[in-house]
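Heads up: the sequence lines are chains B and G, in that order.
Once you know that position 335 of the first sequence is 568 in this note's numbering, the rest is easy, because the numbers rise by one and skip nothing.
Once you know that position 285 of the second sequence is 518 in this note's numbering, the rest is easy, because the numbers rise by one and skip nothing.
Down below is the structure, laid out as structure tokens.
Number of protein chains: 2
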Amino acid sequence: MKERISALLKRTPSTEIVTAEGWVRTKRDSKNVCFLEVNDGSCLKGLQVVIDKDTLADQNILSAITTGCSVICKGPIVESAGGDQAVEMASSDITLVGECPVDTYPLQKKRHTIEYLREISHLRARTNMFGAVARVRNTLSYAVHQFFQERGFAYVNTPIISASDAEGAGEQFLVTTLDLHNIPKTEEGKIDYSKDFFGREAFLTVSGQLEGETYAMALKNIYTFGPTFRAENSNTKRHLAEFWMVEPEMAFCELDGNMEVAESFLKYLFKTVLEKCPEDMAFFSKFVEAGMEQTLQHIVETPFAHMTYTEAVKELERHNELFEFPVAWGSDLQSEHEKFLTEVVCKRPVIVTDYPKEIKAFYMRLNADEKTVRGMDVLVPRLGEIIGGSEREANLDTLIARMQQLKLDPKDYWWYLDLRRFGSVPHAGFGLGFERAVQYITGMGNIRDVIPYPRAPKLADF
Amino acid sequence: MKERISALLKRTPSTEIVTAEGWVRTKRDSKNVCFLEVNDGSCLKGLQVVIDKDTLADQNILSAITTGCSVICKGPIVESAGGDQAVEMASSDITLVGECPVDTYPLQKKRHTIEYLREISHLRARTNMFGAVARVRNTLSYAVHQFFQERGFAYVNTPIISASDAEGAGEQFLVTTLDLHNIPKTEEGKIDYSKDFFGREAFLTVSGQLEGETYAMALKNIYTFGPTFRAENSNTKRHLAEFWMVEPEMAFCELDGNMEVAESFLKYLFKTVLEKCPEDMAFFSKFVEAGMEQTLQHIVETPFAHMTYTEAVKELERHNELFEFPVAWGSDLQSEHEKFLTEVVCKRPVIVTDYPKEIKAFYMRLNADEKTVRGMDVLVPRLGEIIGGSEREANLDTLIARMQQLKLDPKDYWWYLDLRRFGSVPHAGFGLGFERAVQYITGMGNIRDVIPYPRAPKLADF
């Protein structure tokens with residue numbers, strides 16, 4: 234395959250004729266020379282192609298070349314006379330592959346608002362910002378796999394369409410092939426889902442955790458990385474109806490082991506992005522969120538702090554006058570509290586553990602005090618919670634009692650309970666909302682801009 | 234973290250005390266000695282733990298240890314006295330972590346039918362066969378990412394919930410939050426999807442290709458690897474309603490380049506599995522599909538053959554008496570024809586190209602003959618088609634004309650057509666049904682057994 238522009242930019246000047254393929258980002262014209270910036274998405278900066286007009290066979294081609302058109306340029310890589318770049322291409326052999334009409338192209342050279350670009354999501358990856366987001370997202374995705382594969386975790390694809398409700402939250406999308414004009418009913422007048430494709434009510438998954446646990450009880454260490462869904466009517470900058478989640482699960486592992494893996498995982502992700510995407514990260518630090526690289530670097534280098542929820546609340550109560558929502562033991566921590574803990578109290582990431590059972594999910598392991606559970610939230614500066622996890626309740630009777638308190642029917646979870654009946658072990662895991670992580674790393678203000686085609690209330694374009 | 238059993242099995246005998254954690258697969262008892270096979274899913278064979286009963290502090294523990302229970306064993310790795318294994322653990326320190334009642338455990342030591350195991354999908358990864366499937370699937374997943382990442386392709390997450398129909402096939406699942414007891418209607422009596430979550434009709438995607446193309450037109454080389462869905466009422470051994478697809482897309486790439494990447498990709502996948510999973514592959518060759526390793530090895534070593542559809546049909550017509558469905562130019566190739574081409578005619582994998590436009594999708598590039606399109610199917614022995622792809626139609630007018638012939642409304646594809654309006658380039662890609670590939674490699678007879686929780690008509694358990 235031909236060299237990408239990122240590789241051409243690293244070449245030493247020579248007389249060898251090489252080929253650059255890509256799209257024209259900018260064109261500058263002078264009397265004798267034309268400068269094209271050609272980009273192929275392999276890096277932020279394009280290759281400057283310098284065309285000596287006198288040497289060009291087809292003089293008409295230059296007038297047809299405009300922002301957005303696709304070209305193939307051939308020539309040697311030479312030392313650059315000026316500007317930011319070390320090298321450039323001197324070309325007298327340009328092929329115009331696909332034109333790009335100036336009057337109708339939605340992505341002109343000028344700066345566009347992010348909101349406008351969201352309306353042309355099919356073109357926005359051609360801009361500096363969204364190209365950088367795409368590269369960071371890609372690097373981060375692969376780093377997720379590398380981290381777990383290097384540690385012997387097996388990637389497991391848990392089901393997307395599911396009859397179970399992992400969170401008991403009920404904010405799920407229905408998946409159906411029923412004819413909505415003519416919905417079959419039972420004799421009692423209920424919807425007859427036995428006539429539906431799956432023969433039962435089926436939903437889009439909110440989490441792969443419960444099914445992930447079943448595989449951890451066979452393969453010991455597993456992870457999922459797949460789409461999850463919330464039919465939550467939240468029109469915010471931090472919510473998507475469709476988002477990707479990373480969910481590792483480890484058998485023979487308690488809360489301490491879980492915290493170790495979560496800390497190593499975050500550090501690995503941030504370190505990898507800083508090392509592999511320095512140009513894109515510098516762009517985000519310059520134009521989007523100042524100092525983000527330093528924040529990430531600091532997290533990579535710093536041991537995380539640890540405190541229990543009870544300790545955290547004590548600390549926060551002393552500063553309740555600072556908060557919009559004052560804290561008391563039993564209340565859920567808000568983003569303002571989380572940020573205060575990590576930014577002011579600990580001055581580094583902190584893992585808060587042992588939350589009141591009332592504010593956490595049914596599957597978390599109950600502590601001996603019978604008031605708190607072995608949950609953990611990893612809090613980072615500028616954001617608050619980035620990872621949530623727990624040791625799972627491994628005792629059958631305790632888990633059933635907890636479900637009954639929460640009015641969950643153990644029969645619906647027969648297979649999940651089987652894991653506690655047959656060879657139960659302490660096990661633990663956590664979840665990382667992948668878009669939240671990309672948003673954090675890039676500093677992008679709206680989560681809709683870190684996924685190619687965001688889904689949210691009233692938004693399913695493309 | 235503690236060593237996995239796969240690592241313990243590779244140790245040189247020594248006096249060092251090490252720890253093995255896992256689940257007991259078998260227990261054999263004699264007067265003085267007890268043998269446990271302990272497995273943690275890291276490899277097919279477990280670690281044999283030999284317990285000298287005289288040295289055991291708690292004599293009662295052995296009677297509680299049964300198939301399926303979880304244990305922690307400590308002791309030195311020693312040379313094995315007999316059997317298949319080179320080393321074993323000599324242990325006098327056993328902890329029973331979780332019991333497994335003999336009378337209720339659904340996975341007894343005896344052999345179970347595959348159909349029975351499908352009913353206990355939450356436990357089946359604890360068997361030799363499904364553990365091996367899980368490891369091969371994991372290795373193959375990671376190999377997909379490694380192949381594309383090493384070649385500079387960006388991983389792109391195309392949307393799962395989509396308003397577009399990539400194949401124009403219409404066999405899609407509806408995604409809704411409407412109350413089916415009380416469906417809102419417009420004044421004309423139609424279903425009022427403006428009241429639905431997304432404000433419009435929304436479906437589960439059948440392919441990420443069209444959205445993938447939008448990113449290839451910015452980043453040049455991309456790939457998707459995510460779940461796709463078909464609401465097809467196919468109760469066969471080769472169909473799933475939910476399955477994972479790998480779809481690379483390359484700009485500045487024509488059919489030849491596409492074929493090169495597809496061939497390299499398949500060879501990379503098979504080579505990786507043969508190298509990384511020799512024990513599991515030997516298991517499949519022995520118990521599931523004899524000679525599969527040799528078939529894969531042959532594919533890895535052999536240059537693929539090439540023929541056009543027209544050439545293929547000429548070849549097949551000479552043997553029409555052999556086929557259930559005789560072939561004539563214009564007819565779609567069935568599995569029997571595909572197998573004949575690869576197994577008998579070519580005796581190696583073959584890529585068939587340039588199919589009649591009538592039997593292929595609207596987006597494939599029309600040839601100059603205006604009868605055939607630049608589609609390609611990669612056919613392999615024992616299966617037939619494993620990859621389908623094409624060069625895409627890059628010309629705006631030709632693509633619109635083709636859509637109109639097929640009664641597709643160009644307005645519905647405005648953003649897809651934009652790619653041909655603004656900087657269009659030749660581009661191409663293909664799709665690999667991931668479960669089909671796992672099924673092929675393992676030889677498993679039913680595709681429902683190569684995904685953890687299969688979805689099919691009337692099947693959405695767990």
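For each residue, glycine too, the CB sits at the ideal point set by N, CA and C.
Every value quoted in this text rests on a predicted model; they were computed, and no experiment measured them.
Residue span of the alpha helix (DSSP H) that contains M514(G), given as start and end
For the purposes of this step, residue 514(G) is taken as the residue at position 281 of the second sequence. Unbroken alpha helix (DSSP H) run through M514(G): P511 to F520.
Could you tell me if E312(B) is buried or exposed, where buried requires 16 or more neighbouring beta carbons within 10 angstroms of its beta carbon?
Within the first sequence, the letter at position 79 stands for residue 312(B). Of the other Cβ atoms in all chains shown, fewer than 16 fall within 10 Å of the Cβ of E312(B); this residue is therefore exposed.
Based on Cα-Cα distance, which residue from W562(B), F556(B) and D262(B) lies nearest to E569(B)?
For the purposes of this step, residue 569(B) is taken as the residue at position 336 of the first sequence. The shortest C-alpha separation from E569(B) is found at F556(B).
If you reduce the DSSP assignment to three classes, tell me which class K260(B) lands in.
On the first sequence, position 27 is the one that residue 260(B) refers to. Of the three classes helix, strand and coil, the one that applies to K260(B) here is strand, per DSSP.
Rounded to a whole number of angstroms, what is the C-alpha to C-alpha distance between P690(G) and S564(B)?
To locate residue 690(G), count along the second sequence from 1; it is residue 457. To locate residue 564(B), count along the first sequence from 1; it is residue 331. It is roughly 45 Å from the alpha-carbon of P690(G) to the alpha-carbon of S564(B).
Please classify T419(B) as buried or exposed, where buried requires at least 16 neighbouring CB atoms within 10 angstroms.
For the purposes of this step, residue 419(B) is taken as residue 186 along the first sequence, with counting starting at 1. By the C-beta density criterion, T419(B) is exposed, having fewer than 16 other C-beta atoms within 10 angstroms.
Spatial distance of E475(G) from A464(G) (CA atoms):
Taking the first residue of the second sequence as position 1, residue 475(G) is located at position 242. Taking the first residue of the second sequence as position 1, residue 464(G) is located at position 231. Whole-angstrom Cα-Cα distance: 9 Å.
For F556(G), name the three-state secondary structure that DSSP assigns.
The residue labelled residue 556(G) in the question sits at position 323 within the second sequence. In the three-state reduction of the DSSP assignment, F556(G) falls in the coil class.
Output yes or no for whether 7 Å exceeds the beta carbon distance between L632(B) and E626(B).
Start at 1 with the first residue of the first sequence, and residue 632(B) comes out as number 399. Start at 1 with the first residue of the first sequence, and residue 626(B) comes out as number 393. In this structure, the beta-carbon distance from L632(B) to E626(B) falls below 7 Å.
For the segment 511-522 of chain G against the segment 380-387 of chain G, do three or more pairs of beta-carbon atoms, one drawn from each stretch, fall closer than 8 Å, so that the two count as touching?
They do not touch, by the three-pair rule.
Following a CB-centred definition, is K509(B) positioned closer than 6 Å to any heavy atom of the ligand MN?
The ligand MN is not part of this structure, which contains no ligands at all.
Measure the alpha-carbon distance for V658(B) versus Y349(G) and round it to whole angstroms.
Translated into the one-based positions of the first sequence, residue 658(B) becomes position 425. Translated into the one-based positions of the second sequence, residue 349(G) becomes position 116. The alpha-carbon of V658(B) is positioned some 25 Å away from that of Y349(G).
For P536(B) and V578(B), what's the separation of their Cα atoms in angstroms?
Mapped onto the first sequence, residue 536(B) falls at position 303. Mapped onto the first sequence, residue 578(B) falls at position 345. Using only the alpha carbons, I get a separation of about 15 Å.
May I ask you to list the residues that DSSP assigns as paired with V408(G)?
Reading the second sequence from its first residue, position 175 is the one you call residue 408(G). In the DSSP secondary-structure assignment, V408(G) is bridged to V408(B).
Anything in chain D within Cβ reach of G432(B), meaning under 9 Å, just list it in chain order.
No chain D is part of this structure, whose protein chains are labelled B and G.
Using a Cβ-Cβ cut-off of less than 8 Å, give me the residues of the segment 258-274 of chain B that come near chain G, in sequence order.
From the segment 258-274 of chain B, only D273 and G274 have a Cβ closer than 8 Å to chain G.
Going by the CB atoms, is the gap between T541(B) and T586(B) shorter than 7 Å?
The residue you call residue 586(B) lines up with position 353 of the first sequence. The residue you call residue 541(B) lines up with position 308 of the first sequence. Less than 7 Å divides the Cβ of T586(B) from the Cβ of T541(B).
Does the segment 444-459 of chain B come into contact with the segment 671-686 of chain B, if we say contact requires no fewer than three beta-carbon pairs (one atom in each stretch) closer than 8 Å?
At 8 Å Cβ cutoff, the stretches do not touch.
In three-state DSSP terms, what is A538(G)?
Taking the second sequence and counting its residues from 1, the one referred to as residue 538(G) is at position 305. Three-state DSSP puts A538(G) in a strand.
Return the CA-CA distance between I620(B) and N390(B), expressed in angstroms with no decimal places.
Translated into the one-based positions of the first sequence, residue 620(B) becomes position 387. Translated into the one-based positions of the first sequence, residue 390(B) becomes position 157. Their backbone Cα atoms lie some 20 Å apart in a straight line.
I need the straight-line Cα distance from H472(B) to T675(B), nearest angstrom please.
For the purposes of this step, residue 472(B) is identified with residue 239 of the first sequence, where counting begins at 1. For the purposes of this step, residue 675(B) is identified with residue 442 of the first sequence, where counting begins at 1. Computed Cα separation, rounded: 16 Å.
For L329(B) versus I298(B), is the C-beta distance shorter than 7 Å?
As a position in the first sequence, residue 329(B) is number 96, starting the count at 1. As a position in the first sequence, residue 298(B) is number 65, starting the count at 1. Yes.
In this structure, what does DSSP give as the bridge partners for L665(B)?
Here residue 665(B) is taken as the residue at index 432 of the first sequence, counted from 1. Note: L665(B) sits in a beta bridge opposite V479(B) and I620(B).
Same chain only: Cβ atoms within 7 Å of C486(B), ignoring 5 sequence neighbours per side
Against the first sequence, residue 486(B) aligns to sequence position 253. Cβ within range, chain order: P659, H660 and A661.
Members of the segment 382-398 of chain B that neighbour chain G once the beta carbon cut-off is set at 8 Å:
So the list reads Q382, R384, G385, A387, Y388, V389, N390, T391, P392, I393, I394, S395, A396 and S397, given in the order they occur along the chain.
Helix, strand or coil at L329(G) according to DSSP, with G and I counted as helix
Here the question's residue 329(G) lines up with position 96 in the second sequence. In the three-state reduction of the DSSP assignment, L329(G) falls in the strand class.
Where does K644(B) land, buried or exposed, given buried means 16+ other C-beta within 10 angstroms?
Against the first sequence, residue 644(B) aligns to sequence position 411. When all chains shown are included, K644(B) counts as exposed.
Does the Cβ-Cβ distance between T447(B) and H355(G) come in under 7 Å?
By one-based count along the first sequence, residue 447(B) stands at place 214. By one-based count along the second sequence, residue 355(G) stands at place 122. The answer is yes: Cβ separation under 7 Å.
Enumerate in chain order the residues of its own chain whose CB-to-CB distance from S518(B) is below 6 Å, with the five nearest sequence positions on each side excluded.
Counting from 1 along the first sequence, the entry for residue 518(B) is found at position 285. Taken in chain order, the residues that qualify are M525 and E526.
Given 8 Å, three or more beta-carbon pairs between the segment 489-501 of chain B and the segment 248-263 of chain G
No, the segment 489-501 of chain B does not touch the segment 248-263 of chain G.
Can you pull the chain B neighbours of K644(G), defined as C-beta to C-beta under 7 Å?
As a working note, residue 644(G) is residue 411 in the second sequence. Under the 7 Å cutoff, chain B gives no residues; its nearest Cβ is about 14 Å from K644(G).
Which residues, in chain order, does the segment 360-382 of chain B contribute to contact with chain G at a C-beta distance below 7 Å?
Those would be G364, A367, R368, N371, S374, Y375, H378 and Q382, in chain order.
I need the DSSP call for I592(B), collapsed to helix, strand or coil.
Residue mapping note: residue 592(B) aligns to position 359 of the first sequence, counting from 1. DSSP places I592(B) in the helix class (H, G or I) of the three-state scheme.
So if DSSP puts R370(B) in a beta bridge, which residue, or which two residues, is it bridged to?
In the first sequence, counting from the first residue as 1, residue 370(B) sits at position 137. According to DSSP, R370(B) bridges with nothing at all.
Using C-beta distances below 8 Å, list every residue in its chain close to I353(B), excluding the 5 sequence neighbours before and after it, in chain order.
Translated into the one-based positions of the first sequence, residue 353(B) becomes position 120. When the five nearest sequence neighbours on each side are left out, the beta carbons in the same chain lying within less than 8 Å of the beta carbon of I353(B) are those of P339 and L340, in order along the chain.
Sort M322(G), D262(G) and L289(G) by Cα distance to V271(G) and report the nearest one.
Translated into positions along the second sequence, residue 271(G) becomes position 38. Selected option, being the one with the closest Cα: M322(G).
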